[in-house]
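Below is one structure, written out as structure tokens; comments come after it.
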Amino acid sequence: MPCPAVVCCLALLSVPMLATSSNQEDIIFRNGTVLTMNPAQPHAQAVWVKNGIILAVGEEDLVMEHETKHTRVIDLQGGTLMPGFIEPHGHLLGTVVFSLANQLSPCLPAPYQNLLDARDGKEQPDCPLYIYNALMNLAKKTRGGKGWIFGLGLDPSRMAYKKGVPASVFHDNPRKILDATFPADRPVFIMDQSGHLAYVNTKAFEAIKVCAQADPCPSDRKTPPTAPPPGVWVIDPETGQFTGLLQEQEAFGPFIKAMAGDTVLGALTNEMNDPETLKKAYEGSLSALRNIARTGVTTFVNGGVNTSAEVLFIETLMQKWAKPMFRVRSLYAWDFEKEAPKKIKPTFWDETNQGMYSVSGVKLWADGSTQGCTANLFAPYAARGACSSAGYGNENFAWQTIQTNLEPYWNAGWAVQVHANGDQAVQNTLRAMASLQAAKANNHPHVLIHFTVGDDRLVSQVAEIREGVFVSPVDVSVTHLIGHVAYWGGAFQNILDGLSPPEKDETGRVPYLDPTGLELRHGVPFSFHSDTPVSVVNPLWFVSQAVTRLTWFYPNLAANQASQMPGDQTITVQQALEAITIVPARQNGISNYVGSIEVGKVADLVHLAQNPLTTRPMDIRAIPVIATYVHGMEHIWVEDEK
């Protein structure tokens, strides 16, 4: 029997972490630069750690006075010690599925793709630049097989169909293209890079006993409805047939259920209560999880647990990790279990497992994906852009409904995080939070996830709610998928402002993409995240991307083909480093323990080969991570950099 949601989460809240209790090592770090992220003591020369707790931070000669014959002295060799990086929003199970599936993701810009290829031991990139090539590669790889064909990562917002042929050829009717590319007897399901769209062929509709053709339709299948659920299965207005484009998670369910046992996605989302599947998932996850940890991440916020399968996966992961590579915080999807506000008490830091895991809050999705044409916007998507038919995007909920959905959690004292890409979705969320706060104060930190499209007026509204202008102050801040700038910045200039390279518009919406400059001026804290598997987890990449604001227009991805984003949203390296350490620690209620190097805090640390503050901003992305320390436990990664 599948584990009931509340029972699973209650079990997970009490996951034993026995291995960490044996960490009794006495360590002194010396001969390097210590960037503490503590404004009262920004720099130091040495750090003393005992039993996983920081006991001294300061000048080397003073810290070395604590050395005994039992002390292990770690020579930083001129490198830099920082607080461990915090990934404030990603999807653990999704990242594992992505790593095990057929990948169709487009190449990254060369400065980033080259580092990925070096990590994976590839001499040449094998990522596609065009949709056609990605589909041909998938067809070749799956030739001769049976059952479902499953792929991940296709991205029409960045990939043309072919050279000189726009992505709309595919996006407007993916079913037609997939039917022509793959065998007629095999259902195809391809997830978009955003995670908010998917593409299926005719056989996939037949597999879930729904016709893709209105006529003829066998009696054991349903005739396509004239109006499917809004924003779910897209219909061609001229033919009345499904185009094969699926929008948002509610559209995927029947297909994923049908794939159970036939694909990695179906198995990991439907059969996780099977011990053998759990074992395979754990073993298969280690490489993906190692790739997260080796970037310096010591805390990972898992954004939106919405299946019992995911609960069981994380439970297995945390139980089997004798030496955890990073801490995990999970946000509970608002609609996963209606009894959650009554039966589960979230916590930011569970002392029974030394803070290694907890359910820390709740997440709601106010809209969809900006690049997927489903973000909820004040003004319509650009008429000349790739999302011209999308109008204002998808409003998942009006502000009153957001309030209603979150009210049980808010009143029970949960920390709330809301996925809001578009400016209208952000405003809806702010109105809901203000109304909730007026009825009952909730002083936990709350987060707007993504906040991709904004402007001065919207950022000032966040500041006003923080300052208590309308109601008692709400501790709300933002976290940005900063890869939107580097990887999608060129695409957004078309999608949002209707421009083609080399056109730029300083008065459009793109100058305010991930508006960190505005947020600084208004005093709104921000952090950076990957939303993995949407983009690659690497906090040092986030720093380079936020400071330089460089982007690329696909398929021109060479280093010398970078383009400066319009607008004045640049920040300093110091501010970007705070956005991957102390700020996300505060946002997730754990800044009393991690996020800075201070006496009394937990020894979650990262040893870098170079000092980011003295490195050229674009080169920060390539600084090697020598080692990480989680509660003082060492993980050496330098071998991975050779």
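Counting from 1, one number per residue, gives the positions in the sequence shown under full-length UniProt numbering. For every residue, glycine included, the Cβ atom is placed at its ideal position computed from N, Cα and C. Keep in mind that this is a model prediction, so the values were computed, not measured.
Local Cβ density within 10 Å of residue i, reported as buried at 16 or more and exposed below that
i: valine 165; result: exposed
i: threonine 239; result: exposed
i: arginine 290; result: exposed
i: valine 73; result: exposed
i: valine 587; result: Correcting the residue type first, residue 587 is glutamine in the shown sequence and not valine. Classification of glutamine 587: buried, given that the 10 Å Cβ count is 16 or more.
i: isoleucine 636; result: exposed
i: arginine 616; result: exposed
i: aspartate 215; result: Residue confidence is low: aspartate 215 scores 47 on pLDDT, short of 50, so the model does not pin down where it sits. No coordinate-derived value is stated.
i: aspartate 185; result: exposed
i: arginine 549; result: buried
i: aspartate 531; result: buried
i: threonine 628; result: buried
i: proline 128; result: buried
i: proline 141; result: Rather than proline, the amino acid found at residue 141 in this sequence is lysine. Result: exposed.
i: proline 502; result: exposed
i: alanine 101; result: buried
i: glutamine 124; result: exposed
i: glycine 355; result: buried
i: glutamate 467; result: exposed
i: serine 472; result: exposed
i: lysine 345; result: exposed
i: valine 638; result: exposed
Beta-carbon proximity of residue i to residue j, cut-off 8 angstroms
i: alanine 412; j: histidine 444; result: no
i: serine 194; j: glycine 372; result: yes
i: leucine 152; j: tyrosine 199; result: no
i: histidine 450; j: asparagine 421; result: yes
i: phenylalanine 553; j: glycine 490; result: yes
i: proline 106; j: methionine 37; result: no
i: leucine 448; j: valine 474; result: no
i: threonine 295; j: proline 539; result: yes
i: valine 510; j: phenylalanine 492; result: yes
i: histidine 91; j: glycine 304; result: yes
i: glycine 244; j: proline 174; result: yes
i: glycine 368; j: glutamate 248; result: yes
i: histidine 529; j: histidine 89; result: yes
i: threonine 452; j: proline 584; result: no
i: alanine 432; j: tryptophan 399; result: yes
i: phenylalanine 182; j: alanine 204; result: no
i: valine 47; j: valine 34; result: yes
i: valine 311; j: leucine 331; result: no
i: valine 537; j: valine 297; result: yes
i: leucine 62; j: phenylalanine 29; result: no
i: leucine 286; j: leucine 246; result: no
i: leucine 436; j: glutamine 403; result: yes
i: asparagine 442; j: tryptophan 488; result: no
i: lysine 320; j: tyrosine 282; result: yes
i: glycine 32; j: proline 533; result: no
i: phenylalanine 326; j: alanine 293; result: yes
Whole-angstrom C-beta distance between residue j and residue i, which should lie under 8 angstroms
i: alanine 434; j: isoleucine 482; result: Not quite, the Cβ-Cβ distance comes to about 27 angstroms (not below 8 angstroms), so this is no contact.
i: isoleucine 623; j: alanine 609; result: 6 angstroms
i: alanine 375; j: histidine 419; result: Not quite, the Cβ-Cβ distance comes to about 10 angstroms (not below 8 angstroms), so this is no contact.
i: isoleucine 149; j: leucine 138; result: 7 angstroms
i: isoleucine 131; j: isoleucine 580; result: Between isoleucine 580 and isoleucine 131 the Cβ distance is about 33 angstroms, and since that is not below 8 angstroms, they are no contact.
i: leucine 458; j: valine 426; result: 6 angstroms
i: valine 606; j: valine 625; result: 6 angstroms
i: aspartate 505; j: proline 566; result: 7 angstroms
i: alanine 463; j: threonine 551; result: Incorrect: roughly 27 angstroms between the Cβ atoms, too far for contact.
i: threonine 68; j: aspartate 26; result: 7 angstroms
i: valine 232; j: phenylalanine 242; result: Not really, about 10 angstroms apart at Cβ, beyond 8 angstroms.
Looking at C-beta atoms only, is the number of pairs between the stretch 355–363 and the stretch 379–399 that lie closer than 8 angstroms three or more?
-> no
For the stretch 157–171 and the stretch 330–350, state whether three or more C-beta atom pairs, one from each stretch, are separated by less than 8 angstroms.
-> no
Determine contact between the stretch 96–112 and the stretch 558–573, defined as no fewer than three beta-carbon pairs at a distance below 8 angstroms.
-> yes
Whole runs of the alpha helix (DSSP H) within the stretch 454–490, excluding any shorter than 4 residues | 456–467, 483–486
Pair every Cβ in the stretch 201–209 with every Cβ in the stretch 249–262, then say whether three or more of these pairs are closer than 8 angstroms.
-> yes
Enumerated in chain order, which unbroken segments of the alpha helix (DSSP H) with a length of 4 residues or greater are wholly contained in the stretch 328–362?
-> 340–343
Count the C-beta pairs between the stretch 627–641 and the stretch 45–53 that are closer than 8 angstroms, then say yes if the count reaches three, no if not.
-> yes
Segment contact flag, the stretch 564–575 with the stretch 511–519, C-beta cutoff 8 angstroms, min 3 pairs | yes
At a cut of 8 angstroms, does the stretch 492–501 reach the stretch 377–390 through at least three beta carbon pairs?
-> yes
What are the uninterrupted segments assigned as beta strand (DSSP E) that are 3 or more residues long and contained completely in the stretch 87–158, given in chain order?
-> 149–154
Could you give the uninterrupted runs of the alpha helix (DSSP H) lying entirely in the stretch 545–599, keeping only those of 4 residues or more?
-> 573–578, 582–587
3 or more residues per run - each beta strand (DSSP E) lying fully within the stretch 29–95 = 33–35, 46–50, 53–58, 72–75, 80–83, 85–90
In the stretch 281–320, which residue ranges form an unbroken alpha helix (DSSP H) of at least 4 residues, counting only runs that do not cross its ends?
-> 308–320
Which runs of the alpha helix (DSSP H) spanning at least 4 residues fall entirely within the stretch 383–456, listed in chain order?
-> 399–411, 423–439
Only counting runs of 3 or more residues, tell me where the beta strand (DSSP E) segments fall wholly within the stretch 496–540, in order along the chain.
-> 526–529
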